[in-house]
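K.L.:
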Amino acid sequence: MRYNKSIKAFQPATADGSLDFLYECLGLSNSGDTQHDSHRDGGVLFVSIDFENPTGLLEDTPNVASQVGIAMLDTRDLIPSSSSEGIISTYNFLLGPPRYYSSAKTKFLFGETQWIKQREIAPKLESLVLRSRSIVLVGHDIANELRVLRHLDFDLKTAVIGILDTLLIAPPSPSFNTQVRSRCCTTASPMPCSQSSLCWE
Numbered sequence: 263m264r265y266n267k268s269i270k271a272f273q274p275a276t277a278d279g280s281l282d283f284l285y286e287c288l289g290l291s292n293s294g295d296t297q298h299d300s301h302r303d304g305g306v307l308f309v310s311i312d313f314e315n316p317t318g319l320l321e322d323t324p325n326v327a328s329q330v331g332i333a334m335l336d337t338r339d340l341i342p343s344s345s346s347e348g349i350i351s352t353y354n355f356l357l358g359p360p361r362y363y364s365s366a367k368t369k370f371l372f373g374e375t376q377w378i379k380q381r382e383i384a385p386k387l388e389s390l391v392l393r394s395r396s397i398v399l400v401g402h403d404i405a406n407e408l409r410v411l412r413h414l415d416f417d418l419k420t421a422v423i424g425i426l427d428t429l430l431i432a433p434p435s436p437s438f439n440t441q442v443r444s445r446c447c448t449t450a451s452p453m454p455c456s457q458s459s460l461c462w463e
C-alpha cells in the first residue's frame, strides 16, 4: 500500500490493494467473513466527492458552470437487521449562471440541488464531513478531485486515513463499453446514441 505524503493517508496502488483496504474498512476478511479490526471498532466514514468541469474551478473561471456532488456512507449504519434505504447521504451543489442552474438542477435524482458560489464550496464540504470520524476519500480517477480540493483549500489531512480510487478497482472494460454502445444504439433505444450518456466516442 502506498503512502500519500501530501495527504498523509494510505492510497492503495493496485486493485488488490484497494479491495484489501476496503475489506478492512468494512471489517471483513477477503472471504467476506466478519472480523474485528481497528477500523471497524470506530467505524469509517466513506466520502465521495465529484466535480463537474474541474478545469474551470482550477482556473477560477468567472461565473464558471460546474457541479459538486458528494455522497457519504457511515459504516456504523451497516447493521444487518436494518434497512439499506437512506444509508447513503447525497448532496449536489451547483455553480454558474441562472440559466445553467435552471436546466441542471432537475437532473440530480437523489435530493435537491443547492446553488452556491465557488468560495463557499470548501466551507460547505467541511460542514458535512465529520472530522471526529476516520475518513476514507473515494473517487473515480480521484487525482482530479484531489487537485481541485487542494486548490479550494479543503483540509485533506485531518482524520483522512485513506484514499480509494474506483478506477483501480473497476477499470474501463472495452468489451463492456462495446456492449453498452450496441444496446443503446439500437433502433429500440428510447433515445438516440448522440443523446445517451452511456455512449462513448
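Residue numbering for the sequence shown is 263 to 463, as defined by the working numbering. Where a beta carbon is used, it is the ideal one built from N, C-alpha and C, also for glycine. These numbers were taken from a predicted model, which means no experiment stands behind them.
1. If we call anything under 7 Å between Cβ atoms a contact, is Glu407 one with Ile311?
2. Distance, Cα to Cα, Ser365 vs Phe313?
3. Any contact between the segment 349 to 369 and the segment 273 to 280? By contact I mean 3 or more CB pairs, one from each, below 8 Å.
4. Straight-line CA distance for Lys369 to Gln329?
5. In whole angstroms, what is the alpha-carbon distance linking His402 and Gly348?
6. My guess is that Ile378 and Leu357 are in contact by the Cβ rule of under 8 Å, so how many angstroms apart are they, rounded?
7. Under the rule that 16 or more other beta-carbon atoms within 10 Å means buried, what is Asp322, buried or exposed?
8. Flag this pair as yes or no: are the beta carbons of Ile418 and Leu411 separated by less than 7 Å?
9. Please name the residue, chosen from Ile383, Phe355, Val400, that lies closest to Leu371 on a Cα-to-Cα basis.
10. Would you mind stating whether Thr337 and Val309 have Cβ atoms separated by less than 7 Å?
11. Go ahead and label Ile404 buried or exposed: buried means 16 or more other beta carbons lie within 10 angstroms of its beta carbon, across all protein chains shown.
P.N.:
Considering the structure as presented:
1. yes
2. 17 Å
3. no
4. 11 Å
5. 22 Å
6. 6 Å
7. exposed
8. Correcting the residue type first, residue 418 is Leu in the shown sequence and not Ile. Yes, they are a contact pair.
9. Phe355
10. no
11. buried
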